[in-house]
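There are 4 protein chains.
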Amino acid sequence: MLTTPITPCLCETDASGHINNTVAPVWFEARRKEIFRICNPDLDFGDWHVILAAMTLDYLTQVFWKHPAEVRTWVLAVGTKSFTLYEEIWQGERLCTKGASTYVYFDHKVQQSQAVPESIRMALNEHLYTPASTQDV
Amino acid sequence: MLTTPITPCLCETDASGHINNTVAPVWFEARRKEIFRICNPDLDFGDWHVILAAMTLDYLTQVFWKHPAEVRTWVLAVGTKSFTLYEEIWQGERLCTKGASTYVYFDHKVQQSQAVPESIRMALNEHLYTPASTQDV
Amino acid sequence: MLTTPITPCLCETDASGHINNTVAPVWFEARRKEIFRICNPDLDFGDWHVILAAMTLDYLTQVFWKHPAEVRTWVLAVGTKSFTLYEEIWQGERLCTKGASTYVYFDHKVQQSQAVPESIRMALNEHLYTPASTQDV
Amino acid sequence: MLTTPITPCLCETDASGHINNTVAPVWFEARRKEIFRICNPDLDFGDWHVILAAMTLDYLTQVFWKHPAEVRTWVLAVGTKSFTLYEEIWQGERLCTKGASTYVYFDHKVQQSQAVPESIRMALNEHLYTPASTQDV
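Residue numbers (my numbering), protein chains in the order written: chain E, 1 to 137; chain H, 138 to 274; chain Z, 275 to 411; chain U, 412 to 548.
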């Protein structure tokens with residue numbers, strides 16, 4: 001599990017007084033840098049290997065601006081040519097938002113999806129979600 | 138069907154050269170103003186009636202900065218206490234992104250979900266998605 | 275003068291109930307596409323010629339979510355190796371925000387600033403701000 | 412001086428490959444939470460005391476996505492009814508962006524500007540910018 005502290009920003013609130021729902025994809029994406037680094041060791045966009053194919057988000061309860069937040073990031077599953085992340089936003093003891101995002105492993109040179117290389121599969125599996133990896137889910 | 142032209146912005150691109158995937162929820166939300174107006178005639182946040190509960194997004198193909206885009210918005214279904222929107226991003230003849238978003242109808246005064254009033258149900262149903270409403274889905 | 279209608283988005287509000295002040299640079303940049311096209315006819319980032327050097331913003335009064343807005347864009351001055359835009363956000367008869375942004379004309383191949391070519395200077399000057407170009411300033 | 416580490420996000424890049432210039436106001440605003448807390452101890456928007464009046468930004472050099480960044484925040488001056496912040500974005504030894512933002516101290520109840528209270532003036536002055544407060548400016 002990768003955990004990242006977040007300090008919610010005023011500009012991320014909306015007129016409801018809480019963090020706007022379009023912010024969750026931004027917080028999730030922002031905390032994927034370690035996952036991106038596994039798939040793209042140099043973080044080099046000239047040779048980028050992952051393309052987002054699908055995302056689901058469940059908004060369970062409000063995210064408050066005043067309080068610190070935390071993003072938790074796991075690998076849910078690694079398929080042949082894709083992998084799925086599972087991510088949560090927490091504030092204190094409250095699970096606020098959860099989501100799953102599926103990335104296709106891609107070869108830009110031949111412009112098509114590609115089997116996830118074994119070394120990358122192993123590195124991703126080190127962040128695998130298991131029931132034991134969180135007490136709260 | 139509500140259609141809204143979009144001019145993609147430079148600041149919405151990312152280092153891949155295309156529109157970043159966190160932008161789709163923003164474009165979708167931005168074009169829901171007519172839907173919000175049905176549920177909140179004065180667009181007044183002191184008496185706001187809809188809360189986003191879930192969102193799914195499918196990223197089918199890249200969205201290019203250079204080309205104009207269009208968001209198409211339908212109501213997919215109206216349930217007892219919630220309704221689901223179906224939305225698409227198009228560039229020319231290409232369907233780029235599609236998504237579904239479920240809103241709970243809510244009463245802030247009593248802080249709980251509430252049956253969608255009949256007049257609002259009828260107004261939402263005027264934007265109902267049917268196979269005939271698009272040739273391309 | 276280039277004018278662009280804007281429909282303020284819910285996700286652009288903040289907890290004050292009004293459009294957040296970080297949105298003005300986004301609206302301004304978004305409406306510069308025609309200016310960018312003058313300097314980069316193909317809008318091609320592999321051969322991009324303008325780099326933002328400085329920006330000033332004056333926030334005169336609140337921008338409301340409910341009401342349509344308009345961005346007005348002028349060229350304030352074209353210098354030897356740079357040019358300055360002047361931009362305003364209006365809602366109805368209210369001038370809400372104004373700003374100036376200076377771009378350096380740049381040659382990526384040699385990685386240094388360059389004189390603004392005469393043809394581009396002439397095209398930019400067609401959008402020159404003059405006291406007559408607005409009755410309201 | 413308040414310093415805040417920043418991990419640049421993929422969605423903050425643009426097609427140039429670097430962090431988009433509309434991100435600097437967001438990073439700056441995000442790191443003002445301690446300043447906001449001085450002026451609004453409960454961070455309560457029902458009784459908010461600061462309104463942004465003006466902002467200037469100087470973009471000195473590119474901000475790279477790959478590298479960690481830091482925002483440094485000072486109080487530049489406290490006037491009778493307003494105060495000005497001075498902020499910088501650093502990457503390693505490079506000063507990338509600097510800016511000044513002026514806030515008016517405001518009383519929402521009477522809807523007009525107000526003298527900065529002495530206790531707040533003193534708290535702000537603890538973050539005053541002096542040539543000695545940075546070796547690099």
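Note that the Cβ used here is the ideal one computed from N, Cα and C, for glycine as well.
- Residue contact with chain U for Z:Asn399: absent (no Cβ-Cβ distance below 8 Å to any residue of chain U).
- Those residues of the stretch 38-50 of chain E placed with their C-beta closer than 7 Å to a C-beta in chain Z do not exist.
- Rounded to whole angstroms, the gap between the alpha carbons of Z:Asp332 and Z:Arg368 is 14 Å.
- Residue contact check for E:Met122 against chain H: no CB pair falls below 8 Å.
- Secondary structure at H:Trp164: helix, using DSSP grouped into helix, strand and coil.
- The stretch 358-366 of chain Z makes contact with the stretch 336-348 of chain Z: 3 or more CB pairs, one atom from each, lie closer than 8 Å.
- When only Cα atoms are considered, E:Asp14 and E:Pro8 end up about 12 Å apart.
- At a cut-off of 8 Å between C-beta atoms, U:Ala465 counts as an interface residue with respect to chain Z.
- According to the DSSP assignment, E:Ser82 belongs to the beta strand (DSSP E) that extends over 82-91.
- The beta-carbon of U:Ala435 is placed no less than 8 Å from the nearest beta-carbon of chain H.
- Taking 8 Å as the CB threshold, H:Thr144 lines the interface with chain Z.
- When DSSP states are grouped into helix, strand and coil, Z:Asp318 belongs to the coil group.
- At a cut-off of 8 Å between beta carbons, H:Ala206 makes no contact with chain U.
- Taking the beta carbon of E:Ser119 as reference, no residue of chain H falls within 7 Å; the closest one sits roughly 24 Å away.
- A direct Cα-Cα distance of roughly 5 Å separates U:Trp485 from U:His538.
- Among the residues facing chain Z, U:Tyr470 is included, as its CB has a counterpart in that chain under 8 Å away.
- For H:Ser256, the enclosing alpha helix (DSSP H) starts and ends at 255-262.
- Of all C-beta pairs linking the stretch 319-331 of chain Z to the stretch 162-175 of chain H, fewer than three are shorter than 8 Å, placing the two stretches out of contact.
- Residues of the stretch 342-368 of chain Z with a Cβ closer than 8 Å to any Cβ of chain H: none.
- Interface flag for Z:Glu286 against chain U is unset, since no Cβ pair is found closer than 8 Å.
- Listed along the chain, the chain U residues whose CB falls inside 9 Å of the CB of Z:Glu303 are Asn431, Asn432, Thr433.
- Scanning its chain for C-beta atoms nearer than 8 Å, with the 5 sequence neighbours on each side dropped, one finds around Z:Asn294 the residues Glu286, Thr287, Asp288, in chain order.
- By the beta-carbon neighbour count (other beta carbons within 10 angstroms, threshold 16), Z:Arg346 is buried.
- Using a Cβ-Cβ cut-off of 9 Å, Z:Ala289 is close to Leu10, Thr13, Asp14, Ala15, Ser16, Gly17, His18, Trp65 of chain E, given in chain order.
- Z:Lys307 carries a helical assignment under DSSP once its states are collapsed to helix, strand and coil.
- By DSSP's assignment, U:Met412 forms no beta bridge with any residue.
- The beta carbon of E:Lys109 does not come within 8 Å of any beta carbon belonging to chain U, so the residue lies off that interface.
- Annotation: U:Ala511 to Z:Thr330 spans about 9 Å, alpha carbon to alpha carbon.
- Not a single C-beta of chain E is nearer than 8 Å to the C-beta of U:Lys509.
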